[in-house]
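Asks: Mind looking over this structure? Questions follow.
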Amino acid sequence: MDEHNRPIHTFQVCNVMEPNQNNWLRSNWISRQAAQKVYVELRFTLRDCNSIPWVSGTCKETFNLFYHETDEAHGVKFRPAQYTKIDTIAADESFTQMDLGDRILKLNTEVREVGPINRKGFYLAFQDIGACIALVSVRVYYKKCPFTLRNLASFPDTVPRVDSSSLVEVRGACVDHAEERDTPKLFCGADGDWLVPLGRCVCSVGYEEIDGSCVACRPGFYKAYAGNIKCSKCPPHSFSYGDASAICRCEKGFFRAEKDPPTMACTRPPSPPRNLIFNLNDTCLLLEWSPPSDTGGRRDLTYNVQCKRCGPEPDHCQLCEDELRFLPGPLGLTNATVTVLDFSAHANYTFEIESLNGVSDMSSFPRQVAIITVSTDQGGPSLVGTLKKDWASPNSIALSWQQPEQTTLPIIDYEVKYYEKEHELLSYSSTRTKAPSVIVSGLKPATWYVFSVRTRTAAGYSSYSPKYEYETTGDSSNMASDQGQVLVIVTAAVGGFTLLVILTLFLLITGSEYFTTYVDPDTYEDPTQAVHEFTKEIDPSRIRIERVIGAGEFGEVCSGRLRTPGKKEIAVAIKTLKGGYVERQRRDFLREASIMGQFDHPNIIRLEGVVTKSRPVMIVVEYMENGSLDSFLRVSVGVLQNSGMIISSDSLKISQHDGHFTVIQLVGMLRGIASGMKYLSDMGYVHRDLAARNILVNSNLVCKVSDFGLSRVLEDDPEAAYTTTGGKIPIRWTAPEAISYRKFSSASDAWSYGIVMWEVMSYGERPYWEMSNQDVILSIEEGYRLPAPMGCPVALHQLMLHCWQKERNHRPKFTDIVSFLDKLIRNPSSLLPLPESPGEEMDYPMFISVGDWLDSIKMSQYKSNFMAAGYNTLDSVARMSIEDVRRIGVELIGHQRRIISSIQTLHLQLLHEHEKGFHV
1 MDEHNRPIHT FQVCNVMEPN QNNWLRSNWI SRQAAQKVYV ELRFTLRDCN
51 SIPWVSGTCK ETFNLFYHET DEAHGVKFRP AQYTKIDTIA ADESFTQMDL
101 GDRILKLNTE VREVGPINRK GFYLAFQDIG ACIALVSVRV YYKKCPFTLR
151 NLASFPDTVP RVDSSSLVEV RGACVDHAEE RDTPKLFCGA DGDWLVPLGR
201 CVCSVGYEEI DGSCVACRPG FYKAYAGNIK CSKCPPHSFS YGDASAICRC
251 EKGFFRAEKD PPTMACTRPP SPPRNLIFNL NDTCLLLEWS PPSDTGGRRD
301 LTYNVQCKRC GPEPDHCQLC EDELRFLPGP LGLTNATVTV LDFSAHANYT
351 FEIESLNGVS DMSSFPRQVA IITVSTDQGG PSLVGTLKKD WASPNSIALS
401 WQQPEQTTLP IIDYEVKYYE KEHELLSYSS TRTKAPSVIV SGLKPATWYV
451 FSVRTRTAAG YSSYSPKYEY ETTGDSSNMA SDQGQVLVIV TAAVGGFTLL
501 VILTLFLLIT GSEYFTTYVD PDTYEDPTQA VHEFTKEIDP SRIRIERVIG
551 AGEFGEVCSG RLRTPGKKEI AVAIKTLKGG YVERQRRDFL REASIMGQFD
601 HPNIIRLEGV VTKSRPVMIV VEYMENGSLD SFLRVSVGVL QNSGMIISSD
651 SLKISQHDGH FTVIQLVGML RGIASGMKYL SDMGYVHRDL AARNILVNSN
701 LVCKVSDFGL SRVLEDDPEA AYTTTGGKIP IRWTAPEAIS YRKFSSASDA
751 WSYGIVMWEV MSYGERPYWE MSNQDVILSI EEGYRLPAPM GCPVALHQLM
801 LHCWQKERNH RPKFTDIVSF LDKLIRNPSS LLPLPESPGE EMDYPMFISV
851 GDWLDSIKMS QYKSNFMAAG YNTLDSVARM SIEDVRRIGV ELIGHQRRII
901 SSIQTLHLQL LHEHEKGFHV
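Take a look at the structure:
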């Protein structure tokens, strides 16, 4: 009976009364199959000789296990001499006569290895030499690594080697619709476990990874490049009609140029130019027009000019480009103006202006043009009379003039041009008025200005009137103020110089005691010397790897435990260097450790040590439970949005609350990051890649700066862009001077810190959203800056803008940032969000005129555009839309954004002032 009191079959022998026993039991012939080493599991019972009377000397408590390899079965033939002994088998537990009475079965289980086996099969044999034994079962098996799918590659059943210390390398085959990115490999271990995955396959063009297989993109989606990215929705004005599309086809009437990427929306030719006018004088003809209302969705807009000279009858026209000169030329114009020379008197010319872009040649529809006819015997506008000064103040001059007595066409308006007399060759300003008078404001006190006026009719502009010079009055109070300011500046400079001398002497005396300077590992002739100098070697037996948590450029990233004698075991993260590396990869891998080993700060990731004297090579750092800051913020928002919960301030437990993190918590995170960056800056280390993805968060919401030289921007990283020299940089986080000239400094890190602030306050949103890298570079160059995230306190957005100053010397130092954030934390009332309704208190500067407002946002070059279009008051400006801004001639996208952003602020400001009872 077995242990469950069920009858079973056994082979048994109990000839213990007779000496010299030699009993054999042989198995049938067993096919080896794929095995190189087999395992024999024996289950048996054995009686205690002491429980059997009168058998001393003849009873044994062991039996022997043998095997014999053959290529085929022997049938009944059995020769014990051919068999090789595997082992003598003894029982851990034996039974007695009392056990037999109670029918208690004490089973023993023993496993023995047999191998290597080279023949096609083998026999097992069991020799009894005088024991009382029952053989209950014999199980013969071998181990293999089973078929598996890993990293989009399949790996077949694999039998491990006989040598348990060596692994079998197996190359995987990519699944359907996948292709190799790096050769996929797994290693089969002696126990039948797959180990050390290397390489990967990626889904081919038109396929995306879903649950370990590559699935075709469905209609309306596409994937243009091989890789483990998802299928994308077709760009605007395009569609894919079948599965597995690599590109989306354009809708009717829309096109892609040859060099347009598949990710770009389909576009169409532009509409014709608008508002075509001319200005004719004795020597030249100036044609001007406005850009088309519809650019077709492209930015590569150009213009062509065609001229026709017609006789008395409209049908008798001929091309006239050869007899005229066009400056800069008749074709491929990028500006909405052209000058025509060498025209004939008393002739009629017809000019056709055509808008083109990169897909104009692909359309079969006839192109639309703007047309204007010019007669060279048509009288032009007349000159105005004498320009006189009515009155002057320190900042303004009032002018008036006589209207022309005889005009062939009605006067539309007057343009007044003026500039400082001493700066005649540098720049000028202009303003327009419909009346024969104007007040020119925004001038400097006690300064001579030069003025001239011209008229505009439907035929164009007249030439300017003679120049008139007038002076503004002086401002004695301002002069006194200026002198006082000079005195203050001189006094401050002397004091500052004295303080600098004192600090210099102090540092010379005590500098070595108080400051530590970062040492670049690349300055060592042998880089391994830096590793030995700045890191601690760890015995690998103290490290226990528990699970894989990610993958880096050089290998896997795992979590585990580090055991230190005399201390509590701690959680750690382990970065491993994958096999097959070259020495350069090993040096680059350990370079980060030699950098981290120099840092000791609560907001800098802590290096525990390295493993360099055995394989795999490892870097061991403290474990940060909440991972990277950007992912943590995005996951937190997802949890909160789905559950209406928020992470509490004292732990990571989610408590019922209406909102996200408190502002104080977010500021505390930012303060920690700034403190870590201040430490790095004081040591002379420039990070170069400060971003929320490189900030790690622990269970107490402490943020720590990481990624010191180990990170590399991969080929398929959407956050990178090629620079002019040397490698790639993350455009959205990098200061302009670092992008253009690779000038990295603590000031460029301060710019990046401003972007990190924006990421934190927007809960991990992508900076600049879906703008392309080129658009980001262009917009920043034109002065565009990220707006405040929803609910962001004014003070924090002002600090961001301070970090994003174009002049790097004007950006705050990390010492200043830490001090500023400390003040905010001590004074929570200063952390008020930006106002969302006009009734809330605001602290924006007020402007007296449209000119003052444009000066404040550094857009003064558009003063004449606003005046000419009739926007003479702040109230009228506050009602402008983006279309209005474009219509008055603001063509650069960055300038449009800056003006519209300021108009929105101005609108709120005016509403607020009206509510308080003021009239602006």
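Position 546 of the sequence shown, counting from 1, maps to 546 under full-length UniProt numbering, and the rest follow consecutively. Positions of the beta carbon are idealized from the N, C-alpha and C atoms, including for glycine.
Which residue comes first and which comes last in the alpha helix (DSSP H) that contains Val205?
Replies: Neither: Val205 is in no alpha helix (DSSP H) and is coded neither H nor E.
Asks: Trp853 lies in the alpha helix (DSSP H); which residues open and close that run?
Replies: Counting along the chain, the alpha helix (DSSP H) containing Trp853 begins and ends at 850 to 856.
Asks: Hey, Tyr39 and Glu113 are a contact pair by Cβ (cut 8 Å); roughly how many whole angstroms apart?
Replies: Confirmed, Cβ separation roughly 6 Å.
Asks: So what's Trp401 in DSSP terms, helix, strand or just coil?
Replies: Looking at Trp401 - three-state DSSP - the assignment turns out to be strand.
Asks: At 4 residues or longer, what runs of the alpha helix (DSSP H) sit wholly inside the stretch 567 to 636?
Replies: The qualifying runs are 583 to 596.
Asks: With a cut-off of 8 Å on the beta carbons, I'd call Cys803 and Trp769 a contact; round off their distance for me.
Replies: With 8 Å as the limit, Cys803 and Trp769 do not qualify as a contact, their Cβ atoms being about 19 Å apart.
Asks: CB Pro767 to CB Ile777, shorter than 8 Å?
Replies: Cβ distance not < 8 Å, so Pro767 and Ile777 don't count as in contact.
Asks: Mapping the DSSP letters down to three states, classify Ala347 as helix, strand or coil.
Replies: It is coil, neither helix nor strand.
Asks: Indicate whether Arg808 and Ala735 have their beta-carbon atoms separated by less than 8 Å.
Replies: Going by C-beta atoms, Arg808 is nearer than 8 Å to Ala735.
Asks: If you draw a straight line from the alpha carbon of Gly332 to that of Met800, how long is it in whole angstroms?
Replies: Approximately 41 Å, taken between the alpha carbons.
Asks: What first and last residue would you give for the alpha helix (DSSP H) that runs through Lys223?
Replies: Neither: Lys223 is in no alpha helix (DSSP H) and is coded neither H nor E.
Asks: Please state the DSSP three-state secondary structure of Cys174.
Replies: The answer is strand: DSSP assigns Cys174 an E or B state.
Asks: Could you give the residue range of the alpha helix (DSSP H) that holds Trp289?
Replies: Element bounds for Trp289: not the alpha helix (DSSP H) but the beta strand (DSSP E), 285 to 290.
Asks: Where in the stretch 34 to 84 do unbroken runs of the beta strand (DSSP E), each at least 3 residues long, occur, reported from the N-terminal end onward?
Replies: Here the runs fully enclosed are 38 to 46, 62 to 70.
Asks: Span of the beta strand (DSSP E) holding Ile277?
Replies: Its beta strand (DSSP E) spans residues 274 to 280.
Asks: When you compare the CB positions of Ala178 and Val202, do they come within less than 8 Å of one another, or not?
Replies: Contact flag set, yes.
Asks: Which residue comes first and which comes last in the alpha helix (DSSP H) that contains Trp391?
Replies: Run containing Trp391: none in the alpha helix (DSSP H); it sits in the beta strand (DSSP E), 387 to 392.
Asks: For the alpha helix (DSSP H) containing Phe451, name the first residue and the last one.
Replies: From DSSP, Phe451 is part of no alpha helix (DSSP H) but of the beta strand (DSSP E) over 448 to 457.
Asks: Ends of the beta strand (DSSP E) at Ile543?
Replies: Per DSSP, Ile543 belongs to the beta strand (DSSP E) from 543 to 551.
Asks: At which residues does the alpha helix (DSSP H) containing Asp413 begin and terminate?
Replies: Not the alpha helix (DSSP H): Asp413 falls in the beta strand (DSSP E), residues 413 to 420.
Asks: Who are the near neighbours of Ile489 in its chain, counting only those whose CB is closer than 8 Å to its CB and skipping five residues on each side?
Replies: Residue placement at Ile489 is poorly supported in this model, since its pLDDT is 49, which falls under 50; the coordinates still yield a value, given next. Cβ within range, chain order: n/a, list empty.
Asks: Could you round the C-beta distance between Phe255 and Met362 to whole angstroms and report it? I think they count as a contact, below 8 Å.
Replies: About 4 Å separates the two Cβ atoms, so the contact holds.
Asks: Output the boundary residues of the alpha helix (DSSP H) element that contains Ser819.
Replies: Ser819 -> alpha helix (DSSP H) spans 814 to 826.
Asks: Would you call the CB atoms of Gly192 and Pro156 closer than 8 Å?
Replies: The answer is no: Cβ separation not under 8 Å.
Asks: Taking DSSP's pairing of strands, which residues face Gln861 in a bridge?
Replies: DSSP lists no partner for Gln861.
Asks: Quick test of the definition: if touching needs 3 or more C-beta pairs under 8 Å, does the stretch 56 to 69 touch the stretch 164 to 172?
Replies: Judged by Cβ distances under 8 Å, the stretch 56 to 69 makes no contact with the stretch 164 to 172, as fewer than three pairs qualify.
Asks: Please classify Ala551: is it buried, with 16 or more other beta-carbons within 10 angstroms of its beta-carbon, or exposed?
Replies: Burial call: exposed.
Asks: Can you list, in chain order, the residues of its chain whose CB lies under 6 Å from that of residue 921, leaving out five sequence neighbours each side?
Replies: What the structure shows of the chain is the stretch from 1 to 920, and residue 921 is not part of that stretch, so it cannot be assessed.
Asks: Just checking, does the stretch 349 to 362 make contact with the stretch 285 to 304 on the three C-beta pairs under 8 Å criterion?
Replies: Touching, yes.
Asks: So Lys678 is in the alpha helix (DSSP H); what residue range does that whole segment cover?
Replies: Segment 663 to 683, the alpha helix (DSSP H) holding Lys678.
Asks: Suppose contacts are defined by Cβ-Cβ distances below 8 Å. Is Cys307 in contact with Leu286 by that definition?
Replies: No. Outside cutoff.
Asks: In chain order, what are the residue ranges of uninterrupted alpha helix (DSSP H) at least 4 long that sit wholly in the stretch 80 to 156?
Replies: If we require 4 residues or more, the alpha helix (DSSP H) runs fully inside the stretch 80 to 156 come out as 97 to 102.
Asks: What did DSSP end up calling Phe708 once you bin it into helix, strand or coil?
Replies: If DSSP states are grouped into helix, strand and coil, Phe708 belongs with coil.
Asks: So for Asn22, helix, strand or coil by DSSP?
Replies: Coil, per DSSP.
Asks: Which of helix, strand or coil does DSSP assign to Arg309?
Replies: Three-state result, Arg309: strand.
Asks: Is the CB-CB distance between Pro235 and Ala265 below 8 Å?
Replies: Contact: yes.
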